[in-house]
Structure formats: structure tokens, C-alpha cells
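The sequence shown maps to residues 182 to 478 in the working numbering. Note that CB positions come from ideal geometry on N, CA and C, so glycine has one too.
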Amino acid sequence: MDINITNFKPEYSQKILSLINSQDSNFIQDNVISETLFTQMISIPDSNPEKDCYVISNEEDIIGFVQLIHESPISRTVLKFWISENIEKNQIFTMIIKKIELKFRSLDSKFLHIQIPENSYESILVKNNWNRIKTYITLKLPLSSSPIFKIDPQLKITNLKFESDETDLTNLQNICFENNWGFSPNSVNQISYRIRMENCSPQGIVFIESENKKIAYNWTLLNENNKTGLISMIGVHPEFQGKGIGKQILLAGLKSLYNRGAKIVSLEVDSENKNAVDLYKKIGFAEDQKNIWFEFI
Numbered sequence: 182m183d184i185n186i187t188n189f190k191p192e193y194s195q196k197i198l199s200l201i202n203s204q205d206s207n208f209i210q211d212n213v214i215s216e217t218l219f220t221q222m223i224s225i226p227d228s229n230p231e232k233d234c235y236v237i238s239n240e241e242d243i244i245g246f247v248q249l250i251h252e253s254p255i256s257r258t259v260l261k262f263w264i265s266e267n268i269e270k271n272q273i274f275t276m277i278i279k280k281i282e283l284k285f286r287s288l289d290s291k292f293l294h295i296q297i298p299e300n301s302y303e304s305i306l307v308k309n310n311w312n313r314i315k316t317y318i319t320l321k322l323p324l325s326s327s328p329i330f331k332i333d334p335q336l337k338i339t340n341l342k343f344e345s346d347e348t349d350l351t352n353l354q355n356i357c358f359e360n361n362w363g364f365s366p367n368s369v370n371q372i373s374y375r376i377r378m379e380n381c382s383p384q385g386i387v388f389i390e391s392e393n394k395k396i397a398y399n400w401t402l403l404n405e406n407n408k409t410g411l412i413s414m415i416g417v418h419p420e421f422q423g424k425g426i427g428k429q430i431l432l433a434g435l436k437s438l439y440n441r442g443a444k445i446v447s448l449e450v451d452s453e454n455k456n457a458v459d460l461y462k463k464i465g466f467a468e469d470q471k472n473i474w475f476e477f478i
């Protein structure tokens, strides 16, 4: 059977959507991505879908899709992929990484990274000169009732306002994660784009403020199709860490998701971040799976 890897073209979108929506994502079961959201996902700032995305096909259908995400501030490229459930996945995965390894040599990035579920493609990556470098844990929490919590009277909870809060959100996210592995500093343009994506809403981005300064945030997403929530980013300004604000902003985000109809919430955390893992488990989150980051040598 002939298998081809070619550059993405917009006319492939519908078939790629069928492929992606036929499988569960790492975070959300019964995932449904619209054509609008798909187009937004592959058209993020500083990307070019027809250069950074690839389609894997055989004589009958599209059987795989690849997206390269370039993070120039940290000289990193991240490989994301989807493979059909109805074929020999190891063969297709091997073809993908060999294709991207060759592509990588022509890029400006110093690092090429990929994340895979534990116990999936590890042996193939190791055989092809990839090193395991990080483990992340996916945690899930059923939301059967609205979280109850008290906030310090000197603090207040607010939601994102388009335009007026975009610079503040960018600065807060960058300072919260500036020393974290794999974090690439964001520009205001990138943040402005992402908060307007179809799966995002101002009500889903929650801040804690002190004296009109944003000191913590919880960026949540909601899959309206199956009422599954995702905490995509959560952070506390370094000057305010160690004061219990992390728990408050976590609960504030969960309350926002509950009020918008979420039945279950997922998040992902670095396994080495013991404080965060302990906090999530105290709230009731339970480990669902581990995801492994590899780096091409």
C-alpha cells in the first residue's frame, strides 16, 4: 500500500476533521472540533498551515495529520499528530517522525519536541534518537456541585475584558511561567488571537485582583458538545505565591466552569511540580494518564 506525506491544503480540511473527531483527545472524550476551530488551531500567529502542516494519505483516504508549532522565543518546534485508528499506527508514526526529522534540519529551531501518551510510541522514538525528558500528568475531576470557597475581602474576582485586559493577561502569564520548562513567552498578539478562538470565552478566563492589580488567573475552556471543561493555564504572580491564592484561583475557575455547565474538568501538570499535584489531589482531582515529552537529539 502506497502512503504519501504531503503539505496541507485547505481542501483537505473536512477529511482531516473527520479523522480528528473520530478519536478521543488527551483531555476530552467524544471531542468535536468544528471547521472554524480547526482553521483557528492551524492558523495561530507566526504559523503557515501550508508549510507547517502535513497530510498522510493512502489510496483510499487521509490517515494522518501533522502540525508543527514554532516557538521562536525558546527556539523550539513542537510536533503534534493524529493517526487513524484503522491502520498500523507504528508504521505511520515512524514515517511521520522521519519526515519531520529531515524537515527540522532546515528550521531555525534548536529543539524538536513531541508529547505522547505513556506506553505508546516510546520504543520507536528511542530507536530513532529521541530522549525522554519530561512527564506530565493528566488529572480529572467530576463537577457535581459548585465549589464553595471564601476569598480575602481585600481581593476580588474578575473576568477577562477584551482589549483592556489583553496586555495584563500577557504579562501575568509570562511572569508566572518564565522559569517553567517548555514555556515560550507570549506576545500580546498571540494572546489576543487565542482568547478569540471559538473554544474560548471571556467568562472562562478568571482573575484574582489585589488593589486593581491582576495577581492570579485561571484560563478555562469548555467543550459545549459534552460539557467537559479544561484548565489550560493557571498561575499566580511570583510575589503572591505561598499565600493560598493558588487554591482560590483554582476554585474560582472550577466555579466558572460549573456555572457554564461543565460536568467534568481536566488539567495537565508537570509531574515534578509536587505542590501543584498535591493541591489538585486535595481538591479531588484524580490521575487519569501520563504523557511523556521527548526531544530529538
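Original post:
Relative to the alpha-carbon of leucine 320, which residue among Glu252, Leu438 and Val450 has its alpha-carbon at the smallest distance?
Top reply: Checking every option, the nearest Cα to that of leucine 320 belongs to Val450.
Subject >> Close-in-space but distant-in-sequence residues of the same chain around glutamine 210 (CB under 8 Å, 5 per side omitted) >> reply: Note that glutamine 210 scores a pLDDT of 49, beneath 50, so its modelled location is shaky and nothing firm can be said.
**OP:** For the beta strand (DSSP E) containing cysteine 234, list its first residue and its last residue.
**Re:** Cysteine 234: member of the beta strand (DSSP E) spanning 234-238, first to last residue.
**OP:** Identify the continuous alpha helix (DSSP H) that holds leucine 411 and give its terminal residues.
**Re:** Judged by DSSP secondary structure, leucine 411 falls outside any alpha helix (DSSP H) and instead within the beta strand (DSSP E) spanning 409-417.
**OP:** For glutamine 248, write down the residues that DSSP places opposite it in a beta bridge.
**Re:** By DSSP's assignment, glutamine 248 forms a beta bridge with Cys234 and Lys261.
**OP:** Check the C-beta distance from glutamate 282 over to glutamine 204 and give it rounded, since I have them as a contact under 8 Å.
**Re:** Contact between glutamate 282 and glutamine 204 fails: their C-beta atoms lie close to 24 Å from each other, not under 8 Å.
Subject >> Rounded Cβ spacing between leucine 402 and glycine 427 (contact assumed at less than 8 Å) >> reply: So it is not a contact: roughly 19 Å between Cβ atoms.
Subject >> Own chain partners of isoleucine 296 with C-beta closer than 6 Å, once the 5 adjacent residues on each side are dropped >> reply: Note that residue 296 corresponds to glutamine in the displayed sequence, not to isoleucine. Excluding sequence neighbours, glutamine 296 sits near Asn472 and Trp474.
**OP:** Using the Cα positions of valine 236 and lysine 331, report the straight-line distance between them to the nearest angstrom.
**Re:** So the alpha carbons of these two residues sit roughly 50 Å apart.
**OP:** Output the distance between the C-alpha atoms of lysine 190 and leucine 260, rounded to the nearest integer angstrom.
**Re:** CA-to-CA, the gap between lysine 190 and leucine 260 works out to about 18 Å.
**OP:** Would you tell me roughly how many angstroms separate the C-alpha atoms of glutamate 299 and glutamine 470, rounded to the nearest one?
**Re:** When rounded, the separation of the alpha-carbon atoms in glutamate 299 and glutamine 470 is 8 Å.
**OP:** Could you name the residues of the same chain whose beta carbon sits closer than 6 Å to that of proline 383, not counting the 5 residues immediately before and after it, in chain order?
**Re:** Excluding sequence neighbours, proline 383 sits near Asn340 and Leu341.
Original post:
Starting from arginine 313 and walking both ways along the beta strand (DSSP E), at which residues does that stretch end?
Top reply: Note, arginine 313: beta strand (DSSP E), 311-323.
**OP:** Can you tell me which of the three DSSP states aspartate 469 falls into?
**Re:** In the three-state reduction of the DSSP assignment, aspartate 469 falls in the strand class.
Original post:
Just reading off the alpha helix (DSSP H) that isoleucine 201 is part of, what are its end residues?
Top reply: 194-202 is the extent of the alpha helix (DSSP H) around isoleucine 201.
**OP:** Note down, in chain order, each residue of its chain lying with its Cβ closer than 6 Å to the Cβ of leucine 353, except the 5 sequence neighbours on either side.
**Re:** Here the set comprises Lys395 and Tyr398.
**OP:** Would you check if there are 3 or more beta carbon pairs closer than 8 Å linking the segment 275-291 to the segment 240-251?
**Re:** Counting Cβ pairs under 8 Å, three or more are found: they touch.
**OP:** Tell me whether alanine 433 sits in a helix, a strand or coil according to DSSP, three-state version.
**Re:** Looking at alanine 433 - three-state DSSP - the assignment turns out to be helix.
Original post:
What whole-angstrom Cβ distance do methionine 378 and glutamine 221 have, given they're in contact under 8 Å?
Top reply: Contact flag correct, Cβ pair sits at about 5 Å.
Subject >> Member of Gly385, Ala433 and Lys232 whose CA lies at the smallest distance from the CA of phenylalanine 343 >> reply: Closest option to phenylalanine 343, Cα to Cα, is Gly385.
**OP:** Spatial neighbours of asparagine 188 within its chain, please: CB distance less than 8 Å, with the 5 preceding and 5 following residues excluded, ordered by chain position.
**Re:** The answer, listed in chain order, is Glu231, Lys232, Cys234, Tyr235 and Val236.
Original post:
What whole-angstrom Cβ distance do lysine 337 and glutamate 390 have, given they're in contact under 8 Å?
Top reply: 5 Å between Cβ atoms; contact.
Original post:
Can you tell me whether isoleucine 478 is buried or exposed, with buried defined as 16 or more other CB within 10 angstroms of its CB?
Top reply: With fewer than 16 neighbouring CB atoms inside 10 Å of its own CB, isoleucine 478 falls in the exposed class.
Original post:
What does asparagine 355 pair with, by DSSP beta-bridge criteria?
Top reply: Bridge partners of asparagine 355 according to DSSP: none are assigned.
**OP:** Mind reading off the beta-carbon distance from glutamate 476 to phenylalanine 292? Whole number of angstroms is fine, and I expect it under 8 Å.
**Re:** Between phenylalanine 292 and glutamate 476 the Cβ distance is about 6 Å, and since that is below 8 Å, they are a contact.
Subject >> Collapsed DSSP secondary structure at threonine 187 in the structure displayed >> reply: Collapsing the DSSP output to three states places threonine 187 in a strand.
**OP:** Please classify valine 450: does DSSP put it in a helix, a strand, or coil?
**Re:** Strand.
Original post:
What number of angstroms, rounded off, separates the C-alpha of leucine 218 from the C-alpha of glycine 363?
Top reply: Cα to Cα, leucine 218 sits roughly 24 Å from glycine 363.
Original post:
Would the beta-carbon of serine 224 fall within 8 Å of that of isoleucine 318?
Top reply: Not closer than 8 Å, so no.
Original post:
Helix, strand or coil: how does DSSP classify valine 458 here?
Top reply: Helix.
Subject >> Whole-Å CB distance - isoleucine 214 paired with glycine 245, under 8 Å assumed >> reply: Between isoleucine 214 and glycine 245 the beta-carbon gap is near 16 Å, outside 8 Å, which marks them as no contact.
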